[in-house]
Amino acid sequence: MAESQDMISPFAANQIRERDGEKLISYGTSSYGYDVRCADEFKVFTNIHSAVVDPKNFDDKSFVDIQSDVCIIPPNSFALARTVEYFKIPEDVLTICLGKSTYARCGIIVNVTPLEPEWEGHVTLEFSNTTNLPAKIYANEGVAQMLFFQSDERCQTTYRDRGGKYQGQTGVTLPKA
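Take a look at the structure:
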């Protein structure tokens, strides 16, 4: 389904575990899902400007932008990133995201809200470093697994039908009120 409906682009039909002889945190097709990669664009939250994180009035002074092959998340802090992959979710599919065990075992929690039927875009990834040590995220390697649940019918109202505010997002997308 992913290939025939152009659901995931770029799409890795197999599990990729190394590149040019270097071991990677795996990405691509898995047993019952798809392991996504993190792009090299990060927004790391900081308290340099004493900003308040407010989802109704988000202040971009709350973070610093980093473009790199790795991102260091400070202890007990948070970062946003995006997937390398662009998704087009069919009208009868709901997608749930779970963090990969490699990161979870290091105290790094990945959170993504569900991808609703007919949503499309790059997925904004939320990383929480729950440890009291700096934590490293690797760009262009696996960070989370998408699980796809297909219904036997179209949902009553898709994300596209209701004009969802994050439809077609590209890059790391900040909260919108």
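Number 142 in my numbering belongs to position 131 of the sequence shown; there are no gaps in the numbering. Each residue gets a CB set at the ideal place from its N, CA and C atoms; glycine is no exception.
| Check | Outcome |
| --- | --- |
| Since Y114 is in the alpha helix (DSSP H), which residue starts that stretch and which ends it? | S112 to A115 |
| Around the Cβ of I59, are there at least 16 other Cβ atoms within 10 angstroms (buried) or fewer (exposed)? | exposed |
| Which full runs of the beta strand (DSSP E) of 3+ residues lie inside the region 115-177, going along the chain? | 119-122, 131-140, 146-149 and 153-161 |
| Using DSSP bridges, identify the partner residues of Y43. | Note: Y43 sits in no beta bridge, so no partner. |
| Which residue's Cα is closest to the Cα of A23: I36, Y45 and K34? | Y45 |
| Tell me which same chain residues have a C-beta within less than 8 angstroms of the C-beta of F160, skipping the five on either side of it? | V104, L105, T106 and I107 |
| Who are A13's beta bridge partners in DSSP? | DSSP, once it has assigned bridges, lists no residue as partnering A13. |
| Relative to the C-alpha of D76, which candidate in T94, N87, T57 and P66 has its C-alpha closest? | T57 |
| Between which two residues does the beta strand (DSSP E) holding I77 run? | F74 to Q78 |
| With a 10 Å radius around its C-beta and 16 neighbouring C-beta atoms as the bar for buried, classify S37 as buried or exposed. | buried |
| Using 8 angstroms for Cβ pairs, my map puts A92 next to F53. What's the rounded Cβ distance? | 5 angstroms |
| In whole angstroms, what is the alpha-carbon distance linking N143 and D163? | 46 angstroms |
| Have a look at Y177 and A90 and give me their C-alpha separation to the nearest angstrom. | 19 angstroms |
| Among the residues of its own chain, which have a CB less than 8 angstroms from the CB of V123, if the five just before and after it don't count? | C108, V134, T135, L136, E137 and A155 |
| Any idea if R30 is buried or exposed, counting beta-carbon neighbours within 10 angstroms, 16 or more meaning buried? | exposed |
| Is K99 near G153, with beta carbons less than 7 angstroms apart? | no |
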